[in-house]
Amino acid sequence: YWLEISQDEQTKRLQSRIDDPRKIWKLSPMDLKSYSRWYEYSRARDEMLRRTSMPRAQWFVGNNEVKRRGRLNIIAHLLQQVPYEPVKASRIRLPKRDVSDAYDDTLVDANWVPSSF
């Protein structure tokens, strides 16, 4: 799969990394170099797709302007390629808990992570 984004989306994502100290670690010198060479990289992409896609091993291009939607579309497409037959599932029920050795199981003396959310 090739995940495609526009120039505008690339600018938005890279600028977001530059502006957000929590994301700056994602930014590499290669990102900046590739940004300035958009058309060269796009030509290389076109050539790579043209030369390497074949009937038994095709490239599929996913619109990834919206990351979540793009990824879900690719997952859905991939799953559609797999032959699938429903599996009959038996009904499952939770067993009763053994209460013969019950006690107050509330965790009290623990080093809890602070609840920030």
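Residues in the sequence shown are numbered consecutively from -15, following my numbering. Note that the Cβ used here is the ideal one computed from N, Cα and C, for glycine as well.
In the DSSP assignment, the beta strand (DSSP E) including Trp9 goes from what residue to what residue?
For the purposes of this step, residue 9 is taken as the residue at position 25 of the sequence shown. Segment: none, Trp9 is in no beta strand (DSSP E) and carries neither H nor E.
Determine whether the beta carbon atoms of Ile(-11) and Glu31 lie at a separation below 8 Å.
Walking along the sequence shown from the start, residue -11 turns up at place 5. Walking along the sequence shown from the start, residue 31 turns up at place 47. No, the pair does not count as a contact, with Cβ atoms beyond the cut-off.
Asn95 by DSSP, collapsed to three states: which one?
As a first step, residue 95 is located in the sequence shown; it is residue number 111 there, counting from the start. Asn95 falls in the coil class under three-state DSSP.
Please look up how many angstroms separate the CB atoms of Lys10 and Arg21, rounded, as I've assumed it's under 8 Å.
Against the sequence shown, residue 10 aligns to sequence position 26. Against the sequence shown, residue 21 aligns to sequence position 37. Actually they are not in contact, since the Cβ atoms of Lys10 and Arg21 sit about 19 Å apart, beyond 8 Å.
Grab the span of the beta strand (DSSP E) containing Glu(-12) for me, first residue to last.
Position 4 of the sequence shown, counted from the start, is the residue given in the question as residue -12. Start and end: Trp(-14) to Glu(-12).
Using a Cβ-Cβ cut-off of 8 Å (strictly less than) and excluding sequence neighbours within five positions of Asn57, which residues of its own chain qualify?
Translated into positions along the sequence shown, residue 57 becomes position 73. Within the same chain, Asn57 has close Cβ partners Gly46 and Asn47.
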